[in-house]
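In the working numbering, the protein residues as written are 1 to 181.
Every residue, glycine too, gets a C-beta built ideally from N, C-alpha and C.
First comes the structure, then the notes that go with it.
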Ligand SMILES: Nc1nc2c([nH]c(=O)n2[C@H]2C[C@H](O)[C@@H](COP(=O)(O)OP(=O)(O)OP(=O)(O)O)O2)c(=O)[nH]1
């Protein structure tokens with residue numbers, strides 16, 4: 001059921017976001033990422049998407065959990081969630097037009113400000129945990145009629161680094177029964 005990944009690339013107090021040309025969240029700023037290929041492992045898939053969409057190669061990549069969404073109580077989809085940190089002095093000039101949309105650096109405070117329109121709805125409410133909390137969460141989102149009505153972070157584990165640890169943590173938390181990983 002988890003078919004996607006998403007990554008927030010952080011440079012100091014800025015995040016590299018993509019203004020998407022296509023659904024989902026067309027015309028909105030979102031993290032970079034995409035769909036996992038058949039039999040692709042989560043971390044390898046994230047590294048591939050980062051290369052394809054940004055060409056950035058020097059980063060430290062941390063697994064931060066998953067984002068799942070439920071409609072009428074049932075989990076219908078999800079994405080693996082990563083944070084990629086580049087040095088504050090990293091040179092990456094934007095805006096950059098790509099096949100997927102426009103990449104640009106946005107200040108963390110601007111993203112978290114809920115008054116901002118034009119950002120994928122579930123990012124402002126999750127970003128602080130993603131950036132500052134060492135634990136991994138299932139950021140569970142509930143949508144009704146296409147509108148985000150609730151967002152609850154459920155802690156999965158204190159830290160997960162490998163795909164094997166990820167599988168174990170999902171099993172221990174019984175999330176493996178609910179969310180196919
Ligand atoms: N913030 C946020 N992002 C989402 C949600 N749903 C969802 O798929 N995404 C993300 C996951 C992926 O990073 C991206 C969708 O990936 P994509 O359709 O562009 O995948 P892709 O580049 O592999 O494209 P393709 O295989 O269709 O050509 O949007 C959501 O509800 N909130």
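Segment limits, beta strand (DSSP E) that includes residue 148: Within the chain shown, numbered from 1, the residue matching residue 148 stands at position 148. Element bounds for residue 148: 147-157.
Whether residue 2 touches residue 125 by CB criterion (8 Å): Residue numbering aside, residue 2 sits at position 2 when the chain shown is read from its first letter. Residue numbering aside, residue 125 sits at position 125 when the chain shown is read from its first letter. Not in contact: residue 2 and residue 125 (Cβ atoms no closer than 8 Å).
Host alpha helix (DSSP H) of residue 55 (start-end): Translated into the one-based positions of the chain shown, residue 55 becomes position 55. Counted as a single uninterrupted DSSP element, the stretch harbouring residue 55 is not any alpha helix (DSSP H), since DSSP gives it neither H nor E.
N- and C-terminal bounds of the beta strand (DSSP E) containing residue 128: Position 128 of the chain shown, counting from 1, holds the residue named residue 128. Per DSSP, residue 128 lies in no beta strand (DSSP E) segment; the continuous alpha helix (DSSP H) that holds it begins and ends at 127-132.
DSSP-derived helix/strand/coil call for residue 166: One-based indexing of the chain shown puts residue 166 at position 166. Looking at residue 166 - three-state DSSP - the assignment turns out to be helix.
Residue 4 beta carbon near ligand 1 (any heavy atom closer than 7 Å): Within the chain shown, numbered from 1, the residue matching residue 4 stands at position 4. At a threshold of 7 Å, residue 4 counts as near ligand 1, since its beta carbon sits closer than that to one of the ligand's heavy atoms.
First and last residue of the uninterrupted beta strand (DSSP E) at residue 102: Here residue 102 refers to the residue found at position 102 of the chain shown. From DSSP, the beta strand (DSSP E) with residue 102 extends over 101-107.
Sufficient close CB pairs (3 or more, under 8 Å) joining the segment 39-46 to the segment 124-142: The answer is no - the segment 124-142 does not touch the segment 39-46, with fewer than three Cβ pairs under 8 Å.
Coarse secondary structure for residue 81, derived from DSSP in three states: By one-based count along the chain shown, residue 81 stands at place 81. Residue 81: strand per DSSP, three-state reduction.
Boundaries of the beta strand (DSSP E) in which residue 118 is found, first to last residue: The sequence position of residue 118 within the chain shown is 118, counting from 1. Segment: none, residue 118 is in no beta strand (DSSP E) and carries neither H nor E.
Span of the beta strand (DSSP E) around residue 12: Translated into the one-based positions of the chain shown, residue 12 becomes position 12. Unbroken run through residue 12: none, as it is neither H nor E.
Reference residue 110; option with closest CA among 9, 14, 10: Here residue 110 refers to the residue found at position 110 when the chain shown is read from its first residue. Comparing Cα positions, the closest option is 14.
heavy atom of ligand 1 below 7 Å from residue 120 C-beta: Residue mapping note: residue 120 aligns to position 120 of the chain shown, counting from 1. Under cutoff, so the answer is yes.
Rounded Cβ spacing between residue 120 and residue 28 (contact assumed at less than 8 Å): If you number the chain shown from 1, residue 120 lands on position 120. If you number the chain shown from 1, residue 28 lands on position 28. Contact holds; Cβ gap of about 5 Å.
Contact under 8 Å by Cβ, residue 30 with residue 67: Here residue 30 refers to the residue found at position 30 when the chain shown is read from its first residue. Here residue 67 refers to the residue found at position 67 when the chain shown is read from its first residue. No, the pair does not count as a contact, with Cβ atoms beyond the cut-off.
Check: residue 153 C-beta below 7 Å from any heavy atom of ligand 1: Taking the chain shown and counting its residues from 1, the one referred to as residue 153 is at position 153. Within 7 Å of the C-beta of residue 153 there is not a single heavy atom belonging to ligand 1.
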